[in-house]
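Engineer:
There are 2 protein chains.
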Amino acid sequence: MTASVPQRVTLDDVARAAGVSRATAARALGGYGACSPDARRRVTAAAARLAYTPNAAARALVNGAGFRLVVAVAGSTPGVLADPYALRVVGSAAAVCAVHGIGVSAQWLPAGDHLVALAGDRSVRGVLVLNPTEQVLAAVPAAWRGRIAAIGIGSPAVPSFDVDNADATTVMMRHLYASGRRRIALVPGPSWLPCARRSVRAYRDVMLAAGLPVRVVPGDFSVTSGGVATASALRRWPDTDALVASSDAMALGAIAALHRRGRQVPGDVAVAGFDDIEFAALASPTLTTASHPVETIATAAATAVLDGRRTPPVTTYPSTLIRREST
Amino acid sequence: MTASVPQRVTLDDVARAAGVSRATAARALGGYGACSPDARRRVTAAAARLAYTPNAAARALVNGAGFRLVVAVAGSTPGVLADPYALRVVGSAAAVCAVHGIGVSAQWLPAGDHLVALAGDRSVRGVLVLNPTEQVLAAVPAAWRGRIAAIGIGSPAVPSFDVDNADATTVMMRHLYASGRRRIALVPGPSWLPCARRSVRAYRDVMLAAGLPVRVVPGDFSVTSGGVATASALRRWPDTDALVASSDAMALGAIAALHRRGRQVPGDVAVAGFDDIEFAALASPTLTTASHPVETIATAAATAVLDGRRTPPVTTYPSTLIRREST
DNA sequence: GTGAAAGCGCTAACAC
DNA sequence: GTGTTAGCGCTTTCAC
Numbered sequence: 000m001t002a003s004v005p006q007r008v009t010l011d012d013v014a015r016a017a018g019v020s021r022a023t024a025a026r027a028l029g030g031y032g033a034c035s036p037d038a039r040r041r042v043t044a045a046a047a048r049l050a051y052t053p054n055a056a057a058r059a060l061v062n063g064a065g066f067r068l069v070v071a072v073a074g075s076t077p078g079v080l081a082d083p084y085a086l087r088v089v090g091s092a093a094a095v096c097a098v099h100g101i102g103v104s105a106q107w108l109p110a111g112d113h114l115v116a117l118a119g120d121r122s123v124r125g126v127l128v129l130n131p132t133e134q135v136l137a138a139v140p141a142a143w144r145g146r147i148a149a150i151g152i153g154s155p156a157v158p159s160f161d162v163d164n165a166d167a168t169t170v171m172m173r174h175l176y177a178s179g180r181r182r183i184a185l186v187p188g189p190s191w192l193p194c195a196r197r198s199v200r201a202y203r204d205v206m207l208a209a210g211l212p213v214r215v216v217p218g219d220f221s222v223t224s225g226g227v228a229t230a231s232a233l234r235r236w237p238d239t240d241a242l243v244a245s246s247d248a249m250a251l252g253a254i255a256a257l258h259r260r261g262r263q264v265p266g267d268v269a270v271a272g273f274d275d276i277e278f279a280a281l282a283s284p285t286l287t288t289a290s291h292p293v294e295t296i297a298t299a300a301a302t303a304v305l306d307g308r309r310t311p312p313v314t315t316y317p318s319t320l321i322r323r324e325s326t
Numbered sequence: 000m001t002a003s004v005p006q007r008v009t010l011d012d013v014a015r016a017a018g019v020s021r022a023t024a025a026r027a028l029g030g031y032g033a034c035s036p037d038a039r040r041r042v043t044a045a046a047a048r049l050a051y052t053p054n055a056a057a058r059a060l061v062n063g064a065g066f067r068l069v070v071a072v073a074g075s076t077p078g079v080l081a082d083p084y085a086l087r088v089v090g091s092a093a094a095v096c097a098v099h100g101i102g103v104s105a106q107w108l109p110a111g112d113h114l115v116a117l118a119g120d121r122s123v124r125g126v127l128v129l130n131p132t133e134q135v136l137a138a139v140p141a142a143w144r145g146r147i148a149a150i151g152i153g154s155p156a157v158p159s160f161d162v163d164n165a166d167a168t169t170v171m172m173r174h175l176y177a178s179g180r181r182r183i184a185l186v187p188g189p190s191w192l193p194c195a196r197r198s199v200r201a202y203r204d205v206m207l208a209a210g211l212p213v214r215v216v217p218g219d220f221s222v223t224s225g226g227v228a229t230a231s232a233l234r235r236w237p238d239t240d241a242l243v244a245s246s247d248a249m250a251l252g253a254i255a256a257l258h259r260r261g262r263q264v265p266g267d268v269a270v271a272g273f274d275d276i277e278f279a280a281l282a283s284p285t286l287t288t289a290s291h292p293v294e295t296i297a298t299a300a301a302t303a304v305l306d307g308r309r310t311p312p313v314t315t316y317p318s319t320l321i322r323r324e325s326t
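Encoded structure:
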């Protein structure tokens with residue numbers, strides 16, 4: 000260890016060391032304006048030698064770029080911030096931000112118009128909206144194009160990064176059908192969530208095409224709601240022989256509820272989840288589920304916002320069926 | 000919704016609205032210099048009316064305070080960033096940061112001297128070190144006092160925020176002893192982790208005081224390591240009648256390993272965990288564990304760093320025994 | 001008690 | 001191709 004607090008190196012120091020003006024140094028480093036190869040070389044060398052790192056605050060101040068990525072989580076309660084799914088997104092974003100020398104802050108998004116306030120905040124470099132609704136996206140100011148991305152559905156102004164949960168649902172339904180299940184109930188996420196409606200649609204399509212009854216009991220992704228939905232499904236349709244839940248938490252809650260009622264899994268009722276969390280493989284029976292590449296999705300979305308590149312309107316990530324004992 | 004992109008409100012706007020100078024407005028809002036009660040009232044009212052939020056970039060620039068809180072996670076691989084425990088800390092910090100208008104970035108801390116680089120980075124407002132070792136803390140520059148906190152052990156320069164895992168271990172040991180267990184093995188965290196050594200010490204004290212054999216097989220908090228440690232413990236001490244793990248993940252891994260070997264839980268071997276994660280209550284058998292107020296701890300540590308208040312050298316949070324079926 | 005003014009480090013017009 | 005200059009929004013002396 001040498002100096003405990005290294006002297007801060009500014010652009011002025013670099014310029015002086017390279018024998019040029021500050022503006023030239025900025026151009027050389029930024030690579031935008033005109034600059035002689037020689038000057039560029041000298042500046043680059045000086046910057047490297049002095050271990051120059053630009054002051055992000057000054058940069059943010061002058062060009063209003065902002066210095067934090069906000070992860071805005073839509074949902075009905077502030078508790079959505081503690082959701083494991085949201086945490087994985089925030090964690091991935093925080094790792095991406097570290098590389099850019101900025102940070103991520105997380106906040107609950109009770110309604111779309113809160114996004115407008117963020118747009119007016121100069122400290123905000125960009126926004127990642129988690130689980131947005133059409134209303135939330137409709138509130139996105141046009142000026143935010145390129146500085147916002149959605150994990151969930153998108154809109155013309157907001158590129159979407161999401162798992163292909165319609166396909167995942169279809170694959171899961173076919174798997175259950177192939178293994179002889181016919182009275183299959185779906186426990187999707189809350190009905191206000193567009194991706195939950197996507198799963199319902201995929202489920203309906205398969206069931207109707209097979210001439211089977213449609214049975215949907217919405218949950219909210221939580222363990223508790225999985226138990227409640229299971230109770231409700233069994234009450235309404237006692238002959239149910241399979242339960243497809245849109246989260247592993249709900250599926251695990253469903254298994255617990257079935258066991259409490261003396262039903263065998265998968266003997267009496269097959270149960271499938273979604274996410275492939277670590278404990279899916281530890282449950283008894285081990286849980287059949289579909290993978291959900293949350294970190295990949297969040298990293299891509301954060302990178303797209305921070306790099307400000309043009310992004311396709313929708314990027315879909317595949318989900319893989321993982322067969323275990325519960326089906 | 001009115002204007003799509005609200006005009007940014009600056010201190011100048013507030014000052015003008017309140018009919019005072021910018022300096023007075025700053026003093027009134029900051030509450031430091033001299034300021035007449037009347038001016039203060041007018042300024043406060045104007046700020047509220049205009050929904051003024053200070054530009055953190057400008058503030059960071061002028062007083063060099065930085066605009067991100069870095070969560071530095073010590074560990075042997077970058078994978079520690081994806082650990083559920085680290086994610087909960089980052090998530091809590093991100094929520095605290097949102098209130099302050101700044102962000103959090105997360106990075107792996109392979110060695111203590113990486114902290115020195117952070118100290119030289121003016122964009123860094125403060126640091127939260129997760130699971131530090133004595134070596135890591137020894138590398139903390141003195142100038143960082145008040146801008147750094149540890150979740151785990153501390154040092155004279157770094158205040159510590161941590162759960163009382165010595166006490167938690169002792170309480171758990173007494174519980175097992177009281178329920179008749181005598182051949183109790185401990186599966187603590189990795190031996191480089193000071194808090195793991197604390198648990199071991201508490202465990203030894205109880206065992207030695209009771210004249211019982213000391214049996215320790217370290218793990219790394221993961222499900223896998225819980226299984227490996229269990230196999231190792233059963234091989235070395237086949238008469239083991241209880242396993243105390245320092246994480247619920249390891250305990251769940253231990254239960255799975257025991258079941259694979261045909262051992263009953265808790266009939267043959269009692270198993271206890273630590274953390275009280277959601278799935279502890281869903282496992283079969285449901286898992287006896289001890290609570291770990293991670294969010295409370297992380298929020299307190301982040302707040303202490305961001306507020307820059309004087310902090311006691313060590314703040315300890317209690318853990319509660321949660322009795323379930325596995326013991 | 002209050003205002004004027006300097007300056008944090010950087011970018012971007014604008015002259016030369 | 002390069003240097004000069006004017007701010008970005010805020011804090012903080014220093015006069016008054």
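Each protein sequence line maps, in turn, to chains A and B. With numbering that gives the first Met the number 0, you'll find the first sequence wraps up at 326, consecutive numbering, no jumps. With numbering that gives the first Met the number 0, you'll find the second sequence wraps up at 326, consecutive numbering, no jumps. Ideal Cβ placement from N, Cα and C applies to all residues, glycine included. These numbers were taken from a predicted model, which means no experiment stands behind them.
#1: Which of helix, strand or coil does DSSP assign to Val-61 of chain A?
#2: So Asp-120 of chain B contacts chain A; which residues on that side make the cut at Cβ distance below 8 Å?
#3: Excluding the 5 residues flanking Ser-20 of chain B on each side, which residues of the same chain have their C-beta closer than 8 Å to its C-beta?
#4: So is Arg-7 of chain B in contact with chain A if we call contact Cβ pairs under 9 Å?
#5: Return the bridge partner residues of Leu-320 of chain A from the DSSP annotation.
#6: Can you confirm whether Ser-246 of chain B, when its beta carbon is compared against all beta carbons of chain A, has any partner nearer than 9 Å?
#7: I need the straight-line Cα distance from Pro-317 of chain B to Trp-236 of chain B, nearest angstrom please.
#8: Could you check the C-alpha separation between Val-313 of chain A and Asp-274 of chain A for me, to the nearest Å?
#9: Once DSSP output is grouped into helix, strand and coil, what is the label at Gly-102 of chain A?
#10: Helix, strand or coil for Ala-73 of chain B per DSSP?
#11: How would you list, in chain order, the residues of chain B whose beta-carbon sits under 7 Å from the beta-carbon of Cys-34 of chain A?
#12: Name the chain A residues that come within less than 7 Å of Ser-283 of chain B, Cβ to Cβ?
#13: Does the CB of Ala-300 of chain A have a neighbour CB from chain B at under 9 Å?
#14: Would you report the Cα separation of His-99 of chain B and Gly-188 of chain B, rounded to the nearest angstrom?
#15: Val-264 of chain A CB to nearest chain B CB: under 9 Å?
#16: If the cut-off is 9 Å on Cβ atoms, which residues from the segment 250–278 of chain A count as contacting chain B, listed in chain order?
#17: Per DSSP, what kind of secondary structure is Leu-117 of chain B in: helix, strand or coil?
#18: Determine the direct distance from the alpha carbon of Leu-320 of chain B to that of Ala-177 of chain B, and round the result to whole angstroms.
#19: Consult DSSP for Gly-225 of chain A and reduce its assignment to one of helix, strand or coil.
#20: Just to confirm the assignment, what range does the beta strand (DSSP E) spanning Ile-183 of chain A have?
#21: Taking CB distances under 9 Å as the criterion, tell me whether Pro-109 of chain B reaches chain A.
#22: Applying a beta-carbon distance threshold of less than 7 Å, which residues of chain B neighbour Ala-105 of chain A?
#23: Given a threshold of 16 other Cβ atoms within 10 Å of its Cβ, counted over all protein chains shown, does Asn-164 of chain B qualify as buried or as exposed?
#24: Quick one: using the 10 Å Cβ neighbour count with 16 as the cut-off for buried, is Asp-11 of chain A buried or exposed?
#25: Given a threshold of 16 other Cβ atoms within 10 Å of its Cβ, counted over all protein chains shown, does His-258 of chain A qualify as buried or as exposed?
#26: Give me the Cα-Cα distance between Gly-65 of chain B and Ala-56 of chain B, rounded to the nearest whole angstrom.
#27: At a CB-CB cut-off below 8 Å, which residues of chain A make contact with Glu-294 of chain B?
#28: Whose Cβ in chain B lies nearer than 7 Å to the Cβ of Val-222 of chain A?
#29: Between B:Ala-116, B:Pro-131, B:Ser-159, B:Val-162, which lies nearest to Ala-142 of chain B when the distance is taken from Cα to Cα?
#30: For Ser-231 of chain B versus Asn-54 of chain A, is the C-beta spacing smaller than 9 Å?
#31: Beta-carbon separation of Ala-282 of chain B and Ile-254 of chain B under 9 Å?
#32: Taking the beta strand (DSSP E) that Ile-147 of chain A falls in, what are its first and last residues?
#33: Using a C-beta cutoff of 9 Å, does Leu-86 of chain A count as contacting chain B?
#34: Looking at the unbroken alpha helix (DSSP H) that takes in Arg-144 of chain B, where does it start and where does it end?
#35: Considering only C-alpha positions, which residue in the set B:Gln-106, B:Ala-105, B:Cys-96 is nearest to Ala-105 of chain A?
#36: In chain A, which residues lie less than 8 Å from Phe-160 of chain B when you measure between Cβ atoms?
Structural biologist: Reading from the atomic positions:
#1: Note: Val-61 of chain A maps to helix in three-state DSSP.
#2: Within chain A, the residues Thr-52, Gly-100 have their CB atoms less than 8 Å from the CB of Asp-120 of chain B, given in chain order.
#3: For Ser-20 of chain B, where only same-chain residues beyond five positions count, the Cβ hits under 8 Å are Ala-14.
#4: Under the 9 Å criterion on CB atoms, Arg-7 of chain B is classed as interfacial with respect to chain A.
#5: Bridge partners of Leu-320 of chain A: A:Ala-289.
#6: For Ser-246 of chain B, the answer is no, since every Cβ of chain A falls outside 9 Å of its Cβ.
#7: Those two C-alpha atoms are separated by around 32 Å.
#8: Rounded to whole angstroms, Val-313 of chain A to Asp-274 of chain A spans 20 Å at the Cα level.
#9: Strand.
#10: Taken through DSSP and simplified to helix, strand or coil, Ala-73 of chain B comes out as strand.
#11: For Cys-34 of chain A, no chain B residue has a C-beta closer than 7 Å to its own C-beta; the minimum C-beta separation is roughly 26 Å.
#12: Per Cβ cutoff of 7 Å: Ser-283.
#13: Closer than 9 Å: no.
#14: If you take the alpha carbons of His-99 of chain B and Gly-188 of chain B, they lie about 34 Å apart.
#15: By this cut-off, Val-264 of chain A is not an interface position.
#16: Cβ contacts with chain B: Leu-251, Gly-252, Ile-254, Ala-255, His-258, Ile-276, Glu-277, Phe-278.
#17: It is helical.
#18: The C-alpha of Leu-320 of chain B is placed about 14 Å away from the C-alpha of Ala-177 of chain B.
#19: The three-state reading of DSSP puts Gly-225 of chain A in helix, counting H, G and I together.
#20: For Ile-183 of chain A, the uninterrupted beta strand (DSSP E) run begins and ends at 183–186, by DSSP.
#21: For Pro-109 of chain B, the answer is no, since every Cβ of chain A falls outside 9 Å of its Cβ.
#22: What Ala-105 of chain A touches in chain B: Gly-90, Ala-93, Ala-94, Ala-97.
#23: Classification for Asn-164 of chain B: buried.
#24: Within 10 angstroms of the beta-carbon of Asp-11 of chain A lie fewer than 16 other beta-carbons, which makes it exposed.
#25: With fewer than 16 other beta carbons inside 10 angstroms of its own, His-258 of chain A counts as exposed.
#26: Spanning the alpha carbons of Gly-65 of chain B and Ala-56 of chain B requires a straight line of approximately 8 Å.
#27: Ordered by position in chain A, the residues that pass the 8 Å Cβ test against Glu-294 of chain B are Ala-81.
#28: In chain order: Glu-277, Leu-281.
#29: Distance check between Ala-142 of chain B and each of B:Ala-116, B:Pro-131, B:Ser-159, B:Val-162 places B:Ala-116 closest, using alpha-carbon atoms only.
#30: Using a Cβ distance threshold of 9 Å, Ser-231 of chain B and Asn-54 of chain A do not count as a contacting pair.
#31: Cβ atoms of Ala-282 of chain B and Ile-254 of chain B: closer than 9 Å.
#32: Boundaries of the beta strand (DSSP E) harbouring Ile-147 of chain A: 147–150, taken from the DSSP string.
#33: Output row for Leu-86 of chain A: interface = yes.
#34: Annotation: Arg-144 of chain B is outside any alpha helix (DSSP H) and is labelled neither H nor E by DSSP.
#35: Checked all of B:Gln-106, B:Ala-105, B:Cys-96; the closest Cα to Ala-105 of chain A is B:Cys-96.
#36: Residues of chain A passing the Cβ test: none, with the nearest at roughly 18 Å.
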